[in-house]
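Numbering (my numbering), first residue to last: 2 to 132.
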């Protein structure tokens with residue numbers, strides 16, 4: 002009888018620790034990915050800035066010919082990932098694995114970046130035909 006009781010206790014403790022271990026593993030993985038990304042960013046800042054400026058210039062040239070879709074996509078992604086970078090730098094990478102953060106991105110960040118991108122394109126006068 003004591004073997005069964007200790008086996009049940011072991012299983013109960015194991016079931017209780019699996020979610021905590023999963024969360025800790027995700028935090029460790031987020032830190033590993035974040036640290037690797039920060040190393041790549043810090044070592045290649047000049048190349049990244051030049052690449053982004055080149056893409057921005059191409060997008061602006063296309064937008065001046067009436068095809069503003071690439072510029073809109075560039076601005077949206079720049080705003081979205083720039084905001085994520087700022088959030089990660091302020092609160093750390095473990096914020097990205099939180100469920101509330103996914104909800105906040107869905108309810109606030111996606112639409113906010115979309116609206117700001119639209120306002121920028123409208124202000125520049127690049128979008129003339131609205132559907």
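Built from N, CA and C at the ideal position, the CB exists for glycine as well.
Quick one, are the C-beta atoms of residue i and residue j less than 8 Å apart?
i, j, result
"residue 64", "residue 54", "no"
"residue 31", "residue 102", "no"
"residue 110", "residue 81", "yes"
"residue 42", "residue 33", "no"
"residue 94", "residue 35", "yes"
"residue 75", "residue 56", "yes"
Quick one: what's got a C-beta closer than 6 Å to residue i's C-beta in the same chain, skipping five residues either side?
i, result
"residue 132", "Its pLDDT being 48, under 50, residue 132 is placed unreliably by the model, and the measurement read from it follows with that caveat. Counting only Cβ-Cβ distances below 6 Å, and skipping sequence neighbours, we find nothing."
"residue 120", "none"
"residue 128", "69, 122"
Apart from the five residues on each side of it in sequence, which residues of its chain come closer than 7 Å, Cβ to Cβ, to residue i?
i, result
"residue 125", "none"
"residue 2", "With a pLDDT of only 46 at residue 2, under the threshold of 50, the placement of this residue in the model should not be trusted; the figure read from the coordinates follows. Excluding residues within five positions, none has a Cβ falling inside 7 Å."
"residue 79", "none"
"residue 27", "98"
Could you pull out every residue in the same chain whose Cβ sits closer than 8 Å to the Cβ of residue i, ignoring the five residues on either side in sequence?
i, result
"residue 59", "71"
Looking at C-alpha atoms only, which residue of the options is the closest neighbour of residue i?
i, options, result
"residue 67", "83, 122, 8", "122"
"residue 99", "17, 15, 24", "24"
"residue 86", "29, 39, 16, 45", "39"
Completely contained alpha helix (DSSP H) runs for the stretch 6-68, where each covers 4 or more residues | 46-65
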